[in-house]
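**Student:** Taken in sequence, the protein lines are chains R and L. Letter by letter, the first sequence follows residues 1302 to 1626 in my numbering. Letter by letter, the second sequence follows residues 1302 to 1626 in my numbering. Using N, Cα and C, we set each Cβ at its ideal position, and we do this for glycine too.
There are 2 protein chains.
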Amino acid sequence: MKLADLAVMAGVSTATVSRALSGHPSVSKTTQERIRALAREHGVRPNQLARNLRLRSTGAIALAMPLGHARTQHLTDPFFLSLLGFLADLLVDRGYDILLSRVLPESDEWLDRLVDSGRVDGVLLVGQSDQYATIERVAERYAPLVVWGVDRPGQRHLTIGSDNILGGRIAGEHLLSLGRQRLLFVGDPAPPEFADRLAGFRAAAGGQPVEILACEMDPDAVHAAVRARLAQGTSPDAIFAASDVAAMSALRALTEAGLDVPGDVAVIGYDDVTLAAHTSPPLTTIRQDLVTGTKLMVDALLRRIAGEPVQSAIVPPELILRASA
Amino acid sequence: MKLADLAVMAGVSTATVSRALSGHPSVSKTTQERIRALAREHGVRPNQLARNLRLRSTGAIALAMPLGHARTQHLTDPFFLSLLGFLADLLVDRGYDILLSRVLPESDEWLDRLVDSGRVDGVLLVGQSDQYATIERVAERYAPLVVWGVDRPGQRHLTIGSDNILGGRIAGEHLLSLGRQRLLFVGDPAPPEFADRLAGFRAAAGGQPVEILACEMDPDAVHAAVRARLAQGTSPDAIFAASDVAAMSALRALTEAGLDVPGDVAVIGYDDVTLAAHTSPPLTTIRQDLVTGTKLMVDALLRRIAGEPVQSAIVPPELILRASA
DNA sequence: ATTTCTATTGCAAACGATTGCAGGGCTTGT
DNA sequence: ACAAGCCCTGCAATCGTTTGCAATAGAAAT
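In structure tokens form, the structure reads like this:
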């Protein structure tokens, strides 16, 4: 049932129906009400596709996470998902829908396809993964693109992110202040965010050596890696995990190995996902302020869509002190 | 840059360009390759909106979770999110995009708007919440709608779900087999799924009384409720939580109260979310087989879209034995 | 009574693709 | 040399809206 059908029923033109439904002032109150009633009665709702085509705006935002690194793990990462939750809330409040694209960057055209599809007014990316170059290239020609991630000097694309170097440093300083000596970083050091965390951690450690246990980021891989590491001789007395999920896996491996947390080994995570407060012992972690972060992202995106200039921004991380370190 | 522009550059008509790009056999190999090259060079990609309008199909599926009950909690529920992850994977594999709508059912038109927008070829709903009536009404006139939830006798809408009654019974039987006597159900008994779990649990308990600790489902509420309950005199020796997230909060409240799990109190959850394996002690729980479940959902939806008849289906729950019970 | 003005409404052209049908050029058979 | 057939390609309609502009009717002004 389209507007044209309603038009013949009401004995007016499609144009009038369209204007009546959108509350255009030039159509009389009486016809407006008459058409509205008719529309309600017959359950007529304008086709958004046609509308969007005509208006050249879609009311939708694409949200994607490039999965260059962790191919095994799809969208189930709790950090991504809670980011998604916040973004969804904000966008829906502003009248936008969300087009979720899971992206496995097989070809480097994935982002081009997304922005050129005409289906969205803007794109939000979570994480740069190994797609930095592609993002840079597309950002050059497509403004309404905002990325959660790190901001490198000379970078063209707009990012919102937390200060991962600072976060890593805070973690390191905290562990040192506890008198820990044998520091271990657990996680994949390749993605830019994690690289920064590790860099900050090392900076804090100063002269002290930092051992790196590089592994995939999915829970089982981390668990296996930590267990294997513990099976070797001297165990660390402090672990800094690249993410909370990794930290939880480490936690489990530790308890299984009969080690006390934080007595034998202090553990500190990153993100402060909801469940971090519910592990035992509750996880000390570096919080990324997603409430502010997502607000900034949406804000930046909408301003880019409106054609205004916007700068990259950084939200400060924060140490959340719980029992594990 | 549209197809028409490319057409003048190539010196052919838009029709030919369209056919060339879609690999239509009636356009010669040579022109086809020439146009393809030109398109690649200038980064021309057909506008999906126009395409969808013409083809009357969108290549997108709406995914929504009616949040009638837990208004405070948005999309961050790990169970929903991992369901989302699986669905996303399956749909993307089949070439569909996902339109994510967070739905706060203020008016009962939310679902009508979704199905009439023309933006999606079908709708997946996760949970019925208190929107049962609305879903029934819309399902009457709109076939490609599949719901994750319970199947009541006489119901019109198509559901895939796990057998919550059976799941509850399994949980109950397991706790009884451990010799537990003072049974406590923790969670919101109102939503249909939870109601069924409780019903099955009670059935298993037979004559034994089941205490119900009714509370909101967000972690803090559950934690507070359990703590308050433990502060009273006699504590239960077995807890069946309506979800894993609730179980984790209960776990925390228990350890804080100095109770041993499973020594003093056995705890069993529901869902088997990823993190259930990583709590300490690892959580015994009733798994909902999401791999099969989501496959069935997508399958049912696609067949409904194709106009085939499909029946509701139920996937059996399974006891996952870990340390907590 | 004629003109001017305003309040409504309709016409038709977009938006950017897809596709049935028709026609033009070229080969082939007789 | 002429008819028939086959490849290609283009014309134009279509999907369902929105909106600038023109047109009409009635009211108000002279």
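Which residues share a DSSP beta bridge with R:ARG1260?
**Tutor:** Nothing in the structure corresponds to residue 1260 of chain R, since chain R is present only between 1302 and 1626.
**Student:** May I ask you to list the residues that DSSP assigns as paired with R:SER1402?
**Tutor:** Paired residues: R:ALA1365.
**Student:** Does L:ALA1351 get closer than 9 Å to chain R when you measure Cβ to Cβ?
**Tutor:** By this cut-off, L:ALA1351 is an interface position.
**Student:** Between which residues of its own chain and R:LEU1364 is the CB-CB distance below 6 Å, once the five residues before and five after are set aside?
**Tutor:** Closer than 6 Å at Cβ, skipping near neighbours: ILE1399, LEU1401 and LEU1425.
**Student:** Just mark L:GLY1559 as buried or exposed, buried being the case when its beta carbon has 16 or more other beta carbons within 10 Å.
**Tutor:** Under this definition L:GLY1559 is an exposed residue.
**Student:** Over what stretch of residues does the alpha helix (DSSP H) that includes L:ALA1506 continue unbroken?
**Tutor:** Residues 1493-1506.
**Student:** Rounded to the nearest angstrom, what separates L:ALA1614 and L:GLY1450 at their Cα positions?
**Tutor:** In a straight line, the C-alpha of L:ALA1614 is about 10 Å away from that of L:GLY1450.
**Student:** Does the CB of L:ALA1340 have a neighbour CB from chain R at under 9 Å?
**Tutor:** So no, L:ALA1340 is outside the interface.
**Student:** In the structure shown, what three-state DSSP assignment does R:SER1463 receive?
**Tutor:** If DSSP states are grouped into helix, strand and coil, R:SER1463 belongs with the strands.
**Student:** What is the C-beta distance between R:ARG1481 and R:ALA1547, in whole angstroms, given that I count them as a contact (C-beta under 8 Å)?
**Tutor:** Actually they do not touch by this definition, with Cβ atoms about 18 Å apart.
**Student:** Just checking my contact of L:LEU1531 with L:ALA1554 at CB under 8 Å: how many whole Å lie between their CB atoms?
**Tutor:** That belief holds up - the Cβ atoms of L:LEU1531 and L:ALA1554 are roughly 6 Å apart, short of 8 Å.
**Student:** Could you tell me if R:MET1302 is buried or exposed, where buried requires 16 or more neighbouring beta carbons within 10 angstroms of its beta carbon?
**Tutor:** Looking at its Cβ environment, which holds fewer than 16 other Cβ atoms inside 10 Å, R:MET1302 is exposed.
**Student:** Taking DSSP as the reference, what is the three-state secondary structure of L:GLY1559?
**Tutor:** Reduced to three states, the DSSP call for L:GLY1559 is coil.
**Student:** Please state the DSSP three-state secondary structure of R:GLY1423.
**Tutor:** Correct three-state label for R:GLY1423: strand.
**Student:** By the three-class DSSP mapping on this structure, what secondary structure does R:THR1315 have?
**Tutor:** Helix, per DSSP.
**Student:** Among R:VAL1527, R:LEU1459 and R:GLY1508, which residue has its Cα nearest to the Cα of R:ARG1605?
**Tutor:** Looking at the Cα atoms, R:LEU1459 is the closest of the given residues.
**Student:** Can you confirm whether L:GLY1310, when its beta carbon is compared against all beta carbons of chain R, has any partner nearer than 9 Å?
**Tutor:** Note on residue identity: the sequence assigns Met, not Gly, to residue 1310 of chain L. Not one chain R Cβ lies under 9 Å of L:MET1310.
**Student:** Counting Cβ pairs, one atom from each stretch, are 3 or more of them under 8 Å apart for the region 1465-1480 of chain L and the region 1563-1575 of chain L?
**Tutor:** Enough Cβ pairs lie closer than 8 Å, so yes.
**Student:** So if DSSP puts L:GLY1488 in a beta bridge, which residue, or which two residues, is it bridged to?
**Tutor:** Answer is L:ALA1515.
**Student:** Please classify L:LEU1446: does DSSP put it in a helix, a strand, or coil?
**Tutor:** Looking at L:LEU1446 - three-state DSSP - the assignment turns out to be strand.
**Student:** Got a sec: is the Cβ-Cβ distance from L:LEU1382 to anything in chain R below 9 Å?
**Tutor:** Taking Cβ atoms only, chain R reaches closer than 9 Å to L:LEU1382, which makes this a yes.
**Student:** From the DSSP output, which residues share a beta bridge with L:ALA1567?
**Tutor:** According to DSSP, which records beta bridges pairwise, L:ALA1567 is partnered with L:ALA1539.
**Student:** Tell me whether the region 1468-1476 of chain R and the region 1498-1508 of chain R touch, counting them as touching only if at least three CB pairs, one residue from each stretch, are closer than 8 Å.
**Tutor:** At 8 Å Cβ cutoff, the stretches touch.
**Student:** So, at 6 Å on beta carbons, what are the nonlocal neighbours of L:GLN1333 in its own chain, with the 5 sequence-adjacent residues on each side left out?
**Tutor:** Answer for L:GLN1333: ALA1321, listed in chain order.
**Student:** Looking at chain R, which residues of the region 1501-1520 of chain L have a Cβ within less than 8 Å of any of its Cβ atoms?
**Tutor:** From the region 1501-1520 of chain L, only PRO1520 have a Cβ closer than 8 Å to chain R.
**Student:** Whether or not the region 1306-1319 of chain R and the region 1334-1343 of chain R are in contact is what I'm after, with contact meaning three or more pairs of Cβ atoms, one per stretch, closer than 8 Å; do they touch?
**Tutor:** Short answer: they touch.
**Student:** Between which two residues does the alpha helix (DSSP H) carrying R:LYS1330 extend?
**Tutor:** Residues 1330-1343.
**Student:** Mapping DSSP to helix, strand and coil, what is L:ALA1607?
**Tutor:** If DSSP states are grouped into helix, strand and coil, L:ALA1607 belongs with coil.
**Student:** Drop a sphere of 10 angstroms on the beta-carbon of L:SER1319, count the other beta-carbons inside from all chains shown, and report buried for 16 or more, exposed for fewer.
**Tutor:** It counts as buried.
**Student:** With DSSP run on the structure shown, which of helix, strand or coil describes R:ALA1440?
**Tutor:** If DSSP states are grouped into helix, strand and coil, R:ALA1440 belongs with the helices.
**Student:** Of all the CB atoms in chain R, is at least one closer than 9 Å to the CB of L:LEU1552?
**Tutor:** Yes, L:LEU1552 counts as interfacial toward chain R.
**Student:** Specify the secondary structure class of L:ALA1548 as computed by DSSP and reduced to three states.
**Tutor:** Helix at L:ALA1548.
**Student:** Looking at the structure shown, is L:ALA1389 part of a helix, part of a strand, or coil, going by DSSP?
**Tutor:** Correct three-state label for L:ALA1389: helix.
**Student:** Report back the beta-carbon spacing between R:ARG1556 and R:ASP1573 to the nearest angstrom; my notes put them in contact at under 8 Å.
**Tutor:** Strictly speaking, residue 1556 of chain R in this sequence is Thr, with Arg absent from that position. No, R:THR1556 and R:ASP1573 are not in contact; Cβ-Cβ is about 21 Å, not under 8 Å.
**Student:** Can you tell me the Cβ-Cβ gap for R:GLY1423 and R:ILE1362, rounded? I've got them flagged as a contact below 8 Å.
**Tutor:** The pair is a contact, with the Cβ atoms about 5 Å apart (cut-off 8 Å).
**Student:** Buried or exposed: L:GLU1494, going by 16 or more other Cβ atoms within 10 Å of its Cβ?
**Tutor:** Label assigned to L:GLU1494: buried.
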